[in-house]
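The opening position of the sequence shown corresponds to residue 1 in this note's numbering, with each subsequent residue numbered one higher. Virtual Cβ for every residue (Gly too), placed ideally from N, Cα, C. Here the structure is a predicted model, which means the values were calculated and not measured. All remarks here apply to the structure that follows.
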Amino acid sequence: IDIKIYCKDVNGNITYVDACGVCGGDNSCMLSTFSLKDLNPNSATYDTKISPKDYLGKAVLYYFPFSETWNTCISRFGSLNDLYNEYTNNGFGDIAIIGLGKNDDTPINDMVDGRDLPYLKDDAISNVWDNWGPEDRDLFFIRQDGWYHTKINLNSDFDEQAIKTLIEECLVCEDDSSCGLSARFYGC
Numbered sequence: 001i002d003i004k005i006y007c008k009d010v011n012g013n014i015t016y017v018d019a020c021g022v023c024g025g026d027n028s029c030m031l032s033t034f035s036l037k038d039l040n041p042n043s044a045t046y047d048t049k050i051s052p053k054d055y056l057g058k059a060v061l062y063y064f065p066f067s068e069t070w071n072t073c074i075s076r077f078g079s080l081n082d083l084y085n086e087y088t089n090n091g092f093g094d095i096a097i098i099g100l101g102k103n104d105d106t107p108i109n110d111m112v113d114g115r116d117l118p119y120l121k122d123d124a125i126s127n128v129w130d131n132w133g134p135e136d137r138d139l140f141f142i143r144q145d146g147w148y149h150t151k152i153n154l155n156s157d158f159d160e161q162a163i164k165t166l167i168e169e170c171l172v173c174e175d176d177s178s179c180g181l182s183a184r185f186y187g188c
């Protein structure tokens with residue numbers, strides 16, 4: 001069933017509410033999709049292509065580091081790995097955290113050493129860095145229903161409690177019957 005909610009736009013024209021809850025909107029809260037290979041040999045998904053659609057039903061955090069060789073970026077990814085393990089060790093399998101580096105030749109060895117999170121590198125076809133528009137060290141939060149929720153920047157600090165709060169906000173869809181409607185009004 002395709003349900004549309006109609007409204008009047010700013011010019012008084014009858015239109016519909018987009019998936020982001022905006023009258024006459026263009027669904028801009030939806031992020032472009034991609035398919036990139038997991039380059040972390042420690043990850044369970046190593047050497048397979050990863051796409052956002054693979055994680056529907058999970059709250060997903062995408063970390064966009066400045067560089068795979070800068071200590072701050074490496075430390076932040078390590079902290080995210082620890083946070084992920086804390087959640088999964090306590091029975092919360094409904095989250096995923098993925099690193100997504102720039103389209104360059106910087107080696108990832110230091111970034112993934114001792115970490116089991118998937119790590120991807122952008123390419124000219126997917127062009128995620130341009131399409132999603134992150135700043136260096138941004139952390140994007142995607143809801144379980146696949147909608148963009150928010151982003152924070154990890155340049156100055158790693159506020160674990162703030163990140164946990166945002167994860168909890170993304171874990172709102174416990175059954176498929178409520179996900180679509182709640183995302184349209186509250187998630188963008």
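- Short of 7 angstroms from the beta carbon of Asn-42, and not among the five residues preceding or following it, lie these beta carbons of its own chain, in chain order: Val-112, Arg-115, Asp-116.
- Sequence-distant partners of Leu-171 (beyond 5 residues in either direction) whose C-beta falls short of 7 angstroms from its own C-beta, in its chain, are Ala-59, Asp-94, Gln-144.
- Here Pro-107 is exposed, its C-beta having fewer than 16 other C-beta atoms within 10 Å.
- Look at Gly-91 here: in three-state DSSP terms it is coil, with no helix or strand label.
- Close CB contacts of Pro-52 within its chain, under the 8 angstroms cut and outside five residues either way in sequence, are with Leu-31, Thr-33, Phe-34, Val-60, Ile-142, Gly-146 (chain order).
- Nearest Cα to Ser-156 within the set Leu-100, Asn-127, Phe-66, Thr-150: Phe-66.
- Between Ile-50 and Leu-36, the C-beta spacing is below 7 angstroms.
- Here the alpha carbons of Tyr-55 and Tyr-63 stand approximately 15 angstroms from one another.
- When secondary structure is reduced to three states using DSSP, Asn-127 falls in the coil class, being assigned neither helix nor strand.
- As the crow flies, the alpha-carbon of Gln-161 is around 39 angstroms from that of Asp-9.
- Of the candidates Leu-139, Glu-135, Ile-97, Ile-97 places its Cα closest to the Cα of Tyr-119.
- Inter-residue distance for Thr-69 and Gly-101 is about 11 angstroms (C-alpha atoms, whole angstroms).
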